[in-house]
Amino acid sequence: QWQSVPLAPPDSIFQLTAAYKEDTFDKKINLGVGAYRDDDNKPWILPVVKEATRILLSDETLDHEYLPITGLPEFTSAAAKLILGPESPALAESRVATVQTISGTGANHLGALFLSKFYQWGTAEKRVWLSNPTWANHHAIFKNVGIEPVEYPYYDPKTIGLDFTGFINTLKSAPERSVFLLHACAHNPTGVDPTPEQWKAIAEMLVAKKHYAFLDCAYQGFASGDLDKDAWAVRFFVEQGVSLLICQSFAKNAGLYGERVGALHVVSPTKETSVKVKSQLSVLQRSEISNPPTHGARIVSMILNNPSMFEAWKRDIQTMAGRIIDMRKELFRLLTEELHTPGSWEHIVNQIGMFSFTGIQPAQSKALISEAHVYLTGNGRISMAGLNTKNIRYFAESLDRVVRN
Ligand code: PMP
Numbered sequence: 019q020w021q022s023v024p025l026a027p028p029d030s031i032f033q034l035t036a037a038y039k040e041d042t043f044d045k046k047i048n049l050g051v052g053a054y055r056d057d058d059n060k061p062w063i064l065p066v067v068k069e070a071t072r073i074l075l076s077d078e079t080l081d082h083e084y085l086p087i088t089g090l091p092e093f094t095s096a097a098a099k100l101i102l103g104p105e106s107p108a109l110a111e112s113r114v115a116t117v118q119t120i121s122g123t124g125a126n127h128l129g130a131l132f133l134s135k136f137y138q139w140g141t142a143e144k145r146v147w148l149s150n151p152t153w154a155n156h157h158a159i160f161k162n163v164g165i166e167p168v169e170y171p172y173y174d175p176k177t178i179g180l181d182f183t184g185f186i187n188t189l190k191s192a193p194e195r196s197v198f199l200l201h202a203c204a205h206n207p208t209g210v211d212p213t214p215e216q217w218k219a220i221a222e223m224l225v226a227k228k229h230y231a232f233l234d235c236a237y238q239g240f241a242s243g244d245l246d247k248d249a250w251a252v253r254f255f256v257e258q259g260v261s262l263l264i265c266q267s268f269a270k271n272a273g274l275y276g277e278r279v280g281a282l283h284v285v286s287p288t289k290e291t292s293v294k295v296k297s298q299l300s301v302l303q304r305s306e307i308s309n310p311p312t313h314g315a316r317i318v319s320m321i322l323n324n325p326s327m328f329e330a331w332k333r334d335i336q337t338m339a340g341r342i343i344d345m346r347k348e349l350f351r352l353l354t355e356e357l358h359t360p361g362s363w364e365h366i367v368n369q370i371g372m373f374s375f376t377g378i379q380p381a382q383s384k385a386l387i388s389e390a391h392v393y394l395t396g397n398g399r400i401s402m403a404g405l406n407t408k409n410i411r412y413f414a415e416s417l418d419r420v421v422r423n
């Protein structure tokens with residue numbers, strides 16, 4: 019049995035971390051993994067999460083019973099408000115079906131599975147349009163449910179920015195009712211987001227062609243430090259009547275990576291439709307995970323539903339986003355003012371969120387690993403969270419060296 023199973027390659031990000039761990043060089047840097055680190059390069063437990071955990075642990079009324087299939091109700095309703103806004107017309111009209119999921123990955127999976135069963139593709143084939151490039155897991159998640167991933171132009175290596183024309187032209191030429199996956203903010207891996215004007219044009223085209231927007235929101239708060247600002251595109255799309263669903267993750271903005279807290283929100287045109295949608299999501303969820311985990315959802319629910327904890331969370335998010343923005347500015351300053359590194363580096367400060375596409379070539383990425391012990395993916399993406407006041411100069415000098423070679 020199983021002799022014919024082909025050996026799969028290891029996951030490239032996890033492989034990078036393993037290589038970093040084995041490296042004994044004292045100045046080594048890991049810029050591969052997309053997890054926040056503080057200025058001492060340590061994982062950061064948000065103070066508000068510590069406080070919520072302390073309260074939960076001392077609460078003797080809590081038990082380990084199963085949650086409802088669609089999750090902790092206080093969590094799902096607050097999570098929907100967080101992304102859609104407390105004034106959302108869709109929420110006021112009860113047109114949002116929310117299900118608690120296994121973080122953002124689970125939300126993507128459940129959303130994809132729901133589309134694969136129920137989406138009416140019209141003249142469009144059973145395909146999903148993904149940005150080129152995107153989070154690699156998007157490809158695998160859709161293939162797993164029988165939806166073929168195809169790519170729309172997104173990143174332009176010439177400008178190290180958005181290929182807006184290519185993107186809009188694909189929206190225009192794709193058959194009506196095509197499904198487009200869009201990163202709600204802080205695009206992974208490029209850090210390149212559309213401007214509000216560009217988002218408006220995208221929304222207009224989505225509506226005109228009756229396309230479906232599959233919005234992946236894994237970094238709310240991480241782009242600008244402001245939860246509402248980072249939700250702007252999502253809320254604007256809802257206002258404009260774009261057909262959509264949202265995948266929401268609390269891994270990054272609450273630092274709850276391993277707790278797997280997330281939600282899927284499907285917005286429908288009417289309340290009646292939404293009730294049917296939720297019933298089917300519930301059936302799918304039952305067969306996949308029966309019911310979602312309790313601990314992380316209780317933590318997030320407490321933070322979202324308690325006004326003073328919510329304010330504390332916003333401050334914690336600003337601490338993380340602010341540190342990342344500081345690292346962008348310092349890297350830009352080192353490269354341009356001190357080292358006079360050849361090339362243009364504005365994109366480092368223009369890009370948004372945890373990641374930055376440096377624009378360096380694969381051979382230069384390789385050289386950074388082998389010569390400087392700086393670990394990053396072959397496409398030149400760096401996690402800004404891996405930089406801190408102690409290692410940024412070494413990184414800038416190493417980058418300068420490979421760029422000059
Ligand atoms: N979508 C995108 C674009 C991501 O970058 C990530 C995290 N790397 C996720 C979804 C899901 O992450 P998680 O399952 O940890 O919430």
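Quick note on numbering: the sequence shown equals residues 19 to 423 in the UniProt record's numbering.
All C-beta atoms in this analysis are idealised placements derived from N, C-alpha and C, irrespective of residue type, glycine included.
Note that the structure is a prediction, hence the values are computed from the model and not measured.
With 16 other CB atoms within 10 Å as the buried threshold, where does histidine 44 fall?
-> In the sequence as presented, histidine is not what sits at residue 44; that position holds aspartate. So aspartate 44 ends up on the exposed side.
Mind checking whether the beta-carbon of serine 149 lies closer than 7 Å to any heavy atom of the ligand PMP?
-> Checking the Cβ of serine 149 against the ligand PMP gives no.
Counterpart residues of leucine 80 in DSSP-defined beta bridges = According to DSSP, which records beta bridges pairwise, leucine 80 is partnered with nothing at all.
Look up valine 23 in the DSSP assignment and say whether it is helix, strand or coil.
-> Coil, per DSSP.
Using the C-alpha atoms, what's the distance from tyrosine 237 back to proline 171?
-> So the two alpha carbons sit approximately 22 Å from each other.
Check the C-beta distance from phenylalanine 268 over to valine 279 and give it rounded, since I have them as a contact under 8 Å.
-> Contact between phenylalanine 268 and valine 279 is confirmed by a C-beta separation of about 4 Å, below the 8 Å threshold.
Look at the alpha carbon of arginine 253 and the alpha carbon of glutamate 105, and state the distance between them as a whole number of angstroms.
-> As the crow flies, the alpha-carbon of arginine 253 is around 10 Å from that of glutamate 105.
Could you check if proline 212 is buried or exposed, using at least 16 other CB atoms within 10 Å of its CB as the buried criterion?
-> Label assigned to proline 212: buried.
Endpoints, the alpha helix (DSSP H) within which tryptophan 250 is located = Here the alpha helix (DSSP H) through tryptophan 250 covers 250-257.
How would you label proline 287, buried or exposed, when you count the other beta carbons within 10 angstroms and need 16 or more for buried?
-> Burial call: exposed.
Can you check DSSP and say which residues form a bridge with cysteine 235?
-> DSSP lists Gln266 as the bridge partner or partners of cysteine 235.
To the nearest angstrom, how far is it from the Cα of lysine 227 to the Cα of threonine 71?
-> Cα atoms of lysine 227 and threonine 71: separation of roughly 47 Å, rounded to the nearest angstrom.
Which runs of the beta strand (DSSP E) fall wholly inside the stretch 332-418 and span at least 3 residues, in chain order?
-> Listed in chain order, they are 373-375 and 399-401.
CB of asparagine 162 to nearest heavy atom of the ligand PMP: below 7 Å?
-> Every heavy atom of the ligand PMP is 7 Å or more from the Cβ of asparagine 162, so no.
For threonine 183, which three-state DSSP category applies?
-> Here threonine 183 sits in helix by DSSP.
Using only the heavy atoms of the ligand PMP, determine whether one of them is closer than 7 Å to the beta carbon of histidine 201.
-> Look at histidine 201: its beta carbon is less than 7 Å from one of the heavy atoms in the ligand PMP.
Leaving aside the five residues before and after valine 420 along the sequence, list all residues of the same chain whose C-beta is less than 6 Å from its C-beta, in chain order.
-> Gln382, Ala385 and Leu386, listed in sequence order.
Give the DSSP-derived three-state secondary structure of residue 424 in the structure shown.
-> In this structure the chain extends from 19 to 423, so residue 424 is not present and cannot be described.
Nearest to serine 95 by CA position, among Gly52, Ala37 and Val318, is which residue?
-> It is Val318 whose Cα lies nearest to the Cα of serine 95.
Where do the ends of the alpha helix (DSSP H) carrying isoleucine 63 lie?
-> Here isoleucine 63 belongs to no alpha helix (DSSP H), and DSSP marks it neither H nor E.
Roughly how many whole angstroms lie between the Cα atoms of leucine 133 and histidine 391?
-> Put simply, the backbone Cα of leucine 133 is about 43 Å away from that of histidine 391.
Do three or more CB pairs link the stretch 176-192 to the stretch 151-167 at distances below 8 Å?
-> Counting Cβ pairs under 8 Å, fewer than three are found: no touch.
Local Cβ density within 10 Å of tryptophan 20, reported as buried at 16 or more and exposed below that = Around the CB of tryptophan 20, fewer than 16 other CB atoms lie within 10 Å, so the residue is classed as exposed.
Could you say if the stretch 195-215 and the stretch 167-187 meet the contact criterion of at least three C-beta pairs nearer than 8 Å?
-> Touching, yes.
Among Phe350, Phe375 and Leu282, the one whose alpha carbon lies nearest that of phenylalanine 232 | Measuring from the Cα of phenylalanine 232, the nearest candidate turns out to be Leu282.
Ends of the alpha helix (DSSP H) at glycine 280?
-> Note, glycine 280: premise wrong, no alpha helix (DSSP H); beta strand (DSSP E) at 279-285.
By a C-beta neighbour count over all protein chains shown, 10 Å radius and 16 as the cutoff for buried, is leucine 34 buried or exposed?
-> Label assigned to leucine 34: buried.
What residues in its chain sit with their C-beta under 6 Å from that of tryptophan 331, if we drop five residues either side in the sequence?
-> Excluding residues within five positions, the ones whose Cβ falls inside 6 Å are Val66 and Ile321.
According to the Cβ coordinates, are isoleucine 370 and glycine 398 closer than 8 Å?
-> Against a cut-off of 8 Å, the Cβ pair of glycine 398 and isoleucine 370 comes out as no contact.
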